[in-house]
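Quick note, the sequences are listed as chains A and B, same order. Just so you know, we're using numbering that gives the first Met the number 0 here: the first sequence kicks off at 0 and counts up by one. Just so you know, we're using numbering that gives the first Met the number 0 here: the second sequence kicks off at 0 and counts up by one. No residue lacks a Cβ here, since even glycine has one placed at the ideal position from N, Cα and C.
Protein chains: 2
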Amino acid sequence: MYAVGVDIGGMSMKCGLVNEKGEVVDRVIVKTTLGDPYEKTIGELCDGIKELLKKNYLTPNDINGVGIGVPGAVNIKKGTVDSSANLKWYNVPLVELVTQGVGRQARITNDANAAVLGEARFGFKWKYPNVVMLTLGTGVGGGLIVDGRLYEGNEGKGAELGHITLVLDGRQCGCGRRGCAEQYASATALMRLTREAMEDHKESLMWQLCDNDINNVNGAIPFAAEKQGDPAAKQVVDEYIKYLGETILNFNNIFRPNAFILSGGVAKQGENLVNKLKDYCAKQNWGYENTPEPELLIAQLGYDSGIIGAASLYL
Amino acid sequence: MYAVGVDIGGMSMKCGLVNEKGEVVDRVIVKTTLGDPYEKTIGELCDGIKELLKKNYLTPNDINGVGIGVPGAVNIKKGTVDSSANLKWYNVPLVELVTQGVGRQARITNDANAAVLGEARFGFKWKYPNVVMLTLGTGVGGGLIVDGRLYEGNEGKGAELGHITLVLDGRQCGCGRRGCAEQYASATALMRLTREAMEDHKESLMWQLCDNDINNVNGAIPFAAEKQGDPAAKQVVDEYIKYLGETILNFNNIFRPNAFILSGGVAKQGENLVNKLKDYCAKQNWGYENTPEPELLIAQLGYDSGIIGAASLYL
Chain A
0 MYAVGVDIGG MSMKCGLVNE KGEVVDRVIV KTTLGDPYEK TIGELCDGIK ELLKKNYLTP
60 NDINGVGIGV PGAVNIKKGT VDSSANLKWY NVPLVELVTQ GVGRQARITN DANAAVLGEA
120 RFGFKWKYPN VVMLTLGTGV GGGLIVDGRL YEGNEGKGAE LGHITLVLDG RQCGCGRRGC
180 AEQYASATAL MRLTREAMED HKESLMWQLC DNDINNVNGA IPFAAEKQGD PAAKQVVDEY
240 IKYLGETILN FNNIFRPNAF ILSGGVAKQG ENLVNKLKDY CAKQNWGYEN TPEPELLIAQ
300 LGYDSGIIGA ASLYL
Chain B
0 MYAVGVDIGG MSMKCGLVNE KGEVVDRVIV KTTLGDPYEK TIGELCDGIK ELLKKNYLTP
60 NDINGVGIGV PGAVNIKKGT VDSSANLKWY NVPLVELVTQ GVGRQARITN DANAAVLGEA
120 RFGFKWKYPN VVMLTLGTGV GGGLIVDGRL YEGNEGKGAE LGHITLVLDG RQCGCGRRGC
180 AEQYASATAL MRLTREAMED HKESLMWQLC DNDINNVNGA IPFAAEKQGD PAAKQVVDEY
240 IKYLGETILN FNNIFRPNAF ILSGGVAKQG ENLVNKLKDY CAKQNWGYEN TPEPELLIAQ
300 LGYDSGIIGA ASLYL
């Protein structure tokens, strides 16, 4: 039994042939050209999917369906992409076009929702019935597994976990509100904190690690410098851990989940990040006394979580 | 078909005989005496339940069970009250004692979780599959209905919706964290804002409405004075609406629910409160463009929601 999973991004559309074990058996990557009309882009996606099937000696009827994860606001009932800033798509009938173009049924979900489904089901084998996943990249994405099922909310627009207030009247967010967690806990925010600290501390080791060019800053730099005892880097890391820790504590009080899964660029810090977060949250007593501590985990499936989760809609 | 629903509070334990339509057919109220050992209090509760059955010519076997809503942290699997600051109960085996004392099976849940179940099921007849309920009283309580089912989280400790950060490093909260929504959006917070405004504005109409005694302040005063055009009251109401509105927008982004239900003292403002919140949230575009607006509703069942929701565990 196979399904095709598609992870649509601003640069490329990754199509994977996924088996019932959640393994990506083969893949085709279709480049996206920003500015192309959506009909052209989706036509190329369908060609890519058909190529993927053909080179595996499969016909459309040999797969259960095509699951698609989309970066943006979807309507899962209508099968449309209502708006995707990354793709510049608005009111695009994606499901209809893919179903026609490939000759097999399709479904869509938000890309972060696809990722948490992939991780909870195939990364962690349904060990945790209630999961909050936070993707720490350009923004803060999120996904929810509630009582063993993907929670998508009205029209599939739920789980925008990066857009809850952490700082009332705080930094302007792209969503139109102010002070969203995304503005403080994303990789982008970590890089901003790092650059600010570097400007204030010309002596910081972080300059060396960037080859003295502030444009080379990435989210790994402050963690690397902090390990070597750099005080400015420690300040950056501590501040970031506080923002991310408070965000996690918020979701802990709301969901009391069995596990948090962290993914995205910042999650590459692995155990170092997890241990610092655990220390921070333990000092806050995880919000309450007498409450079960959730597991803090790093995502297992890497870049494939989106493909696998999207395919999972048909597995 | 009947069940008994119990709503335990710091002052009294309300026991209701509830039929399958969610109607409270009869009730007995048992007073609680703070400082009594829990065995005595629970013994009196069991006597009250047995009295309720007896005066309705029922035996324990004529009911499906006894559902109990408890103010505090429960463990629904073990059937224990882990901690309840209101009752001064810690690690109390409530389910075991009630099951033995009444001679019929019992279950527990958090009282705010019981209330949302009662409202969603019997107040609003399952019209809304995804519901966020906020109880605006001494604190901010909360409950979640997710895909048509009560969401309780790990051990039944989920949905502490008042304890998410609205203001990083803000006001100290009783839970140990800082800046929780409870500190800004509860009736207690509204009264604090009102008293502060009165101190600053000795000319405010709010003084008259309080008989010139600041100890008479309640949550209705600023709304009443604002209706009559009092500027200081308008400032209080606007500020409170902002806090509550931002809290609602946060949960909207997380859950994209079909409806919010507001209950507790502040919700008595009814349509006036709802309309102000809608205006505020509309200006923020409910967080995103192209997203469905949830309904903003006032709870229907009043003080009985807890009894009915608790009984609903067996209906």
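Around Q182(A), no beta-carbon contact reaches into chain B at under 7 Å, the shortest distance being about 11 Å. Spatial neighbours of E154(B) in its own chain (CB-CB distance under 7 Å, excluding positions within 5 residues in sequence) are listed in chain order as N74, I75 and K76. Counting only unbroken stretches of 4 or more residues, the alpha helix (DSSP H) elements lying wholly within the stretch 29-110 of chain A are 37-54 and 93-97, in sequence order. Annotation for N18(A): the continuous beta strand (DSSP E) segment containing it runs S11 to N18. Chain B places no beta carbon closer than 7 Å to that of K277(A), leaving this residue out of the contacts. Taking 7 Å as the cut-off, the Cβ atoms of M132(A) and I7(A) do not count as close. The straight-line gap separating the alpha-carbon atoms of Q227(A) and A105(B) is approximately 57 Å.
In chain order, R255, Y287, T290 and P291 make up the part of chain B whose C-beta sits under 8 Å from the C-beta of K156(A). Within the stretch 160-189 of chain B, those residues whose Cβ lies closer than 7 Å to any Cβ of chain A are, in chain order, L160, H162, I163, T164, L165, V166, L167, C174, G175 and R176.
Under the three-state reduction of DSSP output, E294(A) falls in the strand class. Spatial neighbours of V27(B) in its own chain (CB-CB distance under 7 Å, excluding positions within 5 residues in sequence) are listed in chain order as C14, G47, E50 and L51.
Contact with chain B is found for N252(A), since one of that chain's Cβ atoms lies less than 7 Å from the residue's Cβ.
Listed along chain A, no residue sits closer than 9 Å to N112(B) by beta-carbon distance, the nearest being about 11 Å off.
Here R176(A) has H162 and T164 as same chain residues with Cβ atoms under 8 Å from its own Cβ, once five neighbours each way along the sequence are excluded. Burial is judged here by how many other beta carbons sit within 10 angstroms of a residue's own beta carbon; R103(B) has at least 16 and is buried. Closest option to K54(B), judged by alpha-carbon separation, among L312(B), G66(B), E118(B) and V24(B): V24(B). For G152(A), at least one C-beta of chain B is nearer than 7 Å to its own C-beta. Around the Cβ of P256(B), a 10 Å sphere holds 16 or more other Cβ atoms; the residue is buried.
Against chain B, a Cβ distance below 8 Å from N284(A) picks out G175. With respect to chain B, the C-beta atom of N249(A) has a partner C-beta closer than 7 Å.
Neighbours of N129(A) in chain B, taken as residues whose beta carbon is under 9 Å from its own, are Y150, G152, N153 and G157 in chain order. For E245(B), the chain A residues whose Cβ falls inside 7 Å of its Cβ are T164 and L167, in order along the chain. Distance between L296(B) and G308(B), taken at the CA atoms: about 18 Å. Assigned with DSSP and collapsed to three states, R194(B) falls in helix.
Pairwise C-beta distances place the stretch 234-247 of chain A in contact with the stretch 270-283 of chain A, as three or more of them are shorter than 8 Å. L33(B) sits away from M12(B), with the two beta carbons spaced by 7 Å or more. Per DSSP, the continuous alpha helix (DSSP H) segment holding G305(A) begins and ends at S304 to S311. DSSP places I163(B) outside both helix and strand once states are collapsed to three, so it counts as coil. Between the alpha carbons of I253(A) and E202(B) lies a gap of roughly 42 Å. Residue burial is scored here from C-beta neighbours: M10(A) has fewer than 16 other C-beta atoms within 10 angstroms and is therefore classed as exposed. With 16 or more other Cβ atoms from the protein chains shown falling within 10 Å of its own Cβ, T246(A) counts as buried.
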